[in-house]
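Inspection log for the structure reproduced underneath, given as structure tokens.
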Amino acid sequence: MIDLAAAAARVERALPVGIISQHEDIDTVREQIEELSELLSNLNIVSLEPEFAKLRGARVRYRIGDGRAEEIAQLAQECEADLIVIDSELTPSQQRNWERLAKCPVISREEVILEIFAARAQTREAVLQVELARAQYELPRLTGAWTHLSRQRGGGATNRGQGEAQIETDRRLLKHKIQTLTEELELVRKQRSTRRKARQRRPVPQGAIVGYTNVGKSSLLNALSGSDVLVKNQLFATLDPVARRLVLPGNMELVLTDTVGFVRKLPHALVEAFKSTLEEAVLADFLLLVLDVSSSRLDAEWETTLGVLKELGADEKKIQIIFNKMDKIDPVADAVTLARLHGLFPDALYISTVTGEGLDLLKAKLPELIAGNRKVMHLQLPPFRSDLAALAHAIGEVYEEEYAPDGVLDIVVAVEEKHFHKFADYQK
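This note's numbering puts the first residue of the sequence shown at 562, with every later residue one more than the last.
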């Protein structure tokens, strides 16, 4: 009898494989494999010593040369790996070829990230987004899943094999699931958009915290707002956007949102699926872009973060760069690194959410970041423009107002830049 408790407690072992393209060097690929190992550890999978293979031209069967693929498959058997993880995209046919060769599961980085997202999703929207991404990923991989049945009985134009029939049934079911998830997700997004519009109607500036995964975005939101957003030292600890209201010096208010972290080689299906989550960055008045100053992959993480922002169309926004985790570096030993960063990012702030270093400077900077989006206007509104008086109260912050004997309203109000034109004709 199988000991189920022992089987469940068994730790899986994975053999990571890095693919070195003609445009990459071995050091870059090693960094990516280190990150892949971190991703696997989030699934309680132990990474064995990685293997590397050079990509020489178009290789259809395994993406790499047949001989190198056979060597890796043999090595996986010798070291008793439970699975092989290719740090690259694999077509469905390449994945099936690998599994036939290695006689064990072979997955890509994309599947690893999908599994982590599935384990971490909490809100209804995030769960739907992950389910949709997984279904879209699985659809082209159904072919071959039931070939063992098609060999049991012959099939022809009028007598198809059981395997073929099962594949078609599964494909129909999966397509229906994708359609249902898409419709349900669209409904959730509309509800979320309605809530966002209600929030935007209030004269409260919006900011978003963005950055690579595990750089301390949630810790920063907690430090600034005094909230208790989940904080863990792991990749993708939180997937759902969390918004908190802050009261700044001068009684100014700000809504700050923590967003999902970025990562290299993020599956395109997930980028699309999480567009509504990342829309917080697009709709924000400014961004707090957080980087881990102690990371050995700092340059790559910066490029990835900026690349995702460009894809979202948010790279033109006002951005405040913040280097977090100053408590993890030595100011003397890392003086050269810090000098380089100061030269590249002269306006950046250096903080530690653990020790509190630099947080006062950041809090003092926040009013400056939102000041450019608001303007104090001194208006004189005639009696027949009571609609503008109501609008000033609805979308702005009224400081003074007084009615003259002739019914003209003298009002001082701060409004966002996008509303200036509505009051321009009556500015004093």
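Ideal Cβ placement from N, Cα and C applies to all residues, glycine included.
The structure presented is a predicted model; accordingly, all values stated were derived computationally and were not measured.
For Asp860, the enclosing alpha helix (DSSP H) has its first and last residue at 859-873.
The alpha carbon of Ser654 has as its nearest neighbour, out of Pro892, Ala614, Thr916, Arg624, the alpha carbon of Arg624. Here Thr866 has Gly772, Tyr773, Phe823 as same chain residues with Cβ atoms under 6 Å from its own Cβ, once five neighbours each way along the sequence are excluded.
Where Asn605 is concerned, there is no enclosing alpha helix (DSSP H), because DSSP gives it neither an H nor an E. Annotation note: the segment 585-656 contains the following uninterrupted alpha helix (DSSP H) runs of length 4 or greater, listed N- to C-terminal: 587-602, 627-639. Counting only residues of its own chain and dropping the five nearest sequence neighbours on each side, Lys983 has no CB closer than 6 Å to any other CB.
Secondary structure note for Ile880: its beta strand (DSSP E) is the uninterrupted segment 879-885.
For Asp853, there is no enclosing alpha helix (DSSP H); the residue is found in the beta strand (DSSP E) stretching over 847-853.
Boundaries of the beta strand (DSSP E) harbouring Ala575: 573-581, taken from the DSSP string.
The C-beta distance from Ser779 to Arg805 rounds to 11 Å, too long to meet the 8 Å contact threshold.
Per DSSP, Ala894 lies in no beta strand (DSSP E) segment and is marked neither H nor E. Listed as beta-bridge partners of Thr818 by DSSP are Ala769, Ala804. Of the candidates Phe613, Gly618, Leu604, Gly618 places its Cα closest to the Cα of Gln583.
Judged by pairs of C-beta atoms under 8 Å, the segment 880-890 touches the segment 904-916, as three or more such pairs exist.
Glu699 carries a helical assignment under DSSP once its states are collapsed to helix, strand and coil. According to DSSP, residue pairing for Ser669 in a beta bridge involves Ile647.
Distances from the alpha-carbon of Ala965 to those of Val688, His939, Leu601, Pro943 put Pro943 closest. Looking at the DSSP output, Ile972 bridges to Leu940, Glu962. For Phe884, the number of other beta carbons within 10 angstroms of its own is at least 16, and it is reported as buried.
Counting the other CB atoms within 10 Å of its CB gives Gly874 a total below 16, which places it among the exposed residues. A Cβ-Cβ distance of about 6 Å is found for the pair Ile931 and Asp846, placing them in contact under the 8 Å criterion. Within 10 angstroms of the beta-carbon of Tyr960 lie fewer than 16 other beta-carbons, which makes it exposed.
Around the beta carbon of Lys989, fewer than 16 other beta carbons sit within 10 angstroms, so the residue counts as exposed. Proximity to Ser856 across Arg695, Met938, Gly777 peaks at Gly777, based on C-alpha coordinates.
Per DSSP, the continuous alpha helix (DSSP H) segment holding Leu782 begins and ends at 778-786. Around the beta carbon of Gln740, fewer than 16 other beta carbons lie within 10 angstroms, which makes this residue exposed.
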